[in-house]
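The sequence shown begins at 1213 in our numbering and counts up by one. Worksheet for the structure shown next.
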Amino acid sequence: MGWDQQFIVPFKTQSMISKIYLTTYRYPSNIKLHRSISVWRHPLAASNALPRHGQIQVFDIHNPRYLRTPAIVVYDLRTDREILRYELKSSDLPANNTPTGLASITVDIKNGDCTDAYAFISDVVTYGVIVFSLKQRDSWRHQHNYFHFNPTAGNLRVAGQSFTWNDGVFSIALGNEGPDGCRTAFFHPMVSSQEFAVSACELESREANQTAFNVLGDRGANSQSTMHDIHTPSNVMFFAEIAQNAVSCWNTEKPLNRQNMQILGQDGQRLSYPSDLHVTNDEVWVTANTLPRFIYSRLDTNQYNFFVYRAKVNDLISGTTCEGRTRPTQSYMPSSHYGSSHY
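This is the structure:
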């Protein structure tokens, strides 16, 4: 499949997010497409490398078939060449349906050394986090109760469709590096309104301290979120809220509650099911689509069904509750000591 088509993405909401034109993007011809199936939510690492993961499945609701083992693949963006392919181990994939739930990948580069990097893969189906070490060329899996969904948050209505989902841990966002060299890993299940945190160094250990995980707070009713990411210079986190058809923000230097969050953009059609969100430099990028309609009904091909947005962080948070800073307190800021059991 070649990407020679032109996409024009219209936009009109109450936010400052701007319209993006995606024009004539060609997939590199030297990448073997039969090895790259069902690629999901890949970030751009600081080392000009593009890490991604794929759940290798031919989808037939009655007879799903897996063509390849799920793998982490890294490309050098200067040459468009694959420089690493690591297939996940059987111990990373505890059930036959685990590959269908590998929702996102987040990369932590240690001390600016691109050879010492970790990738965190969230598993929404069998409720775990898979960790890959580039230096060790090995992977392991963590389980925790906080990776599970909240059953009271499972009823959703998105894109005109009502359904019940049970997706667990969906997104992992990394904060600033602390004095101990560890970053805070913020995470949440998609079917939940709570946010959690743990030291990334705990995840990078093969045996994480189960008491080191912390509940940060509750975002409020109908705040189920797919992806989130943090703008580390301002310590502001952005959420893609699927139940609200919105993008919201929270200043992580304040306690987490609905009063300290603010919706930045909302539209029942053009922000319907915001499925992906990334902060790159000083910009927020969001993609939205009508996936629930595709799953439970039928797409209207006479309408736009896929949208890409971007906005400058400072423009978005100016004058909002996310702009101000408060003095950190122990109740919601992580301890700087690796291995501590509290925040």
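For glycine and all other residues, C-beta sits at the position ideal for the given N, C-alpha and C. Note that the structure is predicted; figures quoted are calculated from it, not measured.
In this structure, DSSP gives G1432 a state outside helix and strand, which the three-state scheme calls coil.
Proximity of the region 1302-1314 to the region 1343-1353 meets the contact definition, three or more beta-carbon pairs being nearer than 8 Å.
If you check the CB distance, A1283 and R1293 do not come in under 8 Å. In this structure, L1386 sits away from F1375, with a CB-CB distance that is not shorter than 8 Å.
In the three-state DSSP reduction, K1466 falls in the coil class, being neither helix nor strand.
Between the C-alpha atoms of V1498 and D1488 there is a straight-line separation of about 6 Å. Sequence-distant partners of T1327 (beyond 5 residues in either direction) whose C-beta falls short of 7 Å from its own C-beta, in its chain, are L1346, K1347.
Here the region 1442-1451 makes no contact with the region 1409-1421; the two share fewer than three CB pairs at distances below 8 Å.
Between the region 1463-1476 and the region 1497-1515 there are fewer than three inter-stretch CB-CB distances shorter than 8 Å, so the stretches are not counted as touching. Of the candidates I1454, G1313, T1444, F1399, the residue whose Cα lies closest to the Cα of E1535 is T1444. For D1488, the enclosing beta strand (DSSP E) begins and ends at 1486-1492. Along the region 1338-1419, the alpha helix (DSSP H) occurs as fully enclosed runs of 4 or more residues at 1412-1415, listed in sequence order. In the structure shown, the three-state DSSP call for T1533 is coil.
For a cut-off of 8 Å, the C-beta gap from S1411 to V1525 is around 25 Å, too long to register as a contact. Following the DSSP letters along the chain, one finds Y1298 inside the beta strand (DSSP E) bounded by residues 1293-1299. Distance from the CA of R1431 to the CA of I1442, rounded to the nearest whole angstrom, comes to 16 Å. Bridge pairing for Q1474: C1461 [DSSP].
Per the coordinates, the alpha-carbon of F1408 lies some 12 Å from the alpha-carbon of F1361. The C-alpha of S1484 lies about 26 Å from the C-alpha of T1310. Here K1524 is bridged, per DSSP, to E1495. Each residue's CA atom was taken as its position, placing S1435 and Q1456 some 7 Å apart.
Burial of R1395 is indicated by the presence of at least 16 other C-beta atoms within 10 angstroms of its C-beta. Contact between E1495 and A1458 is ruled out by a C-beta separation of about 18 Å, above the 8 Å threshold.
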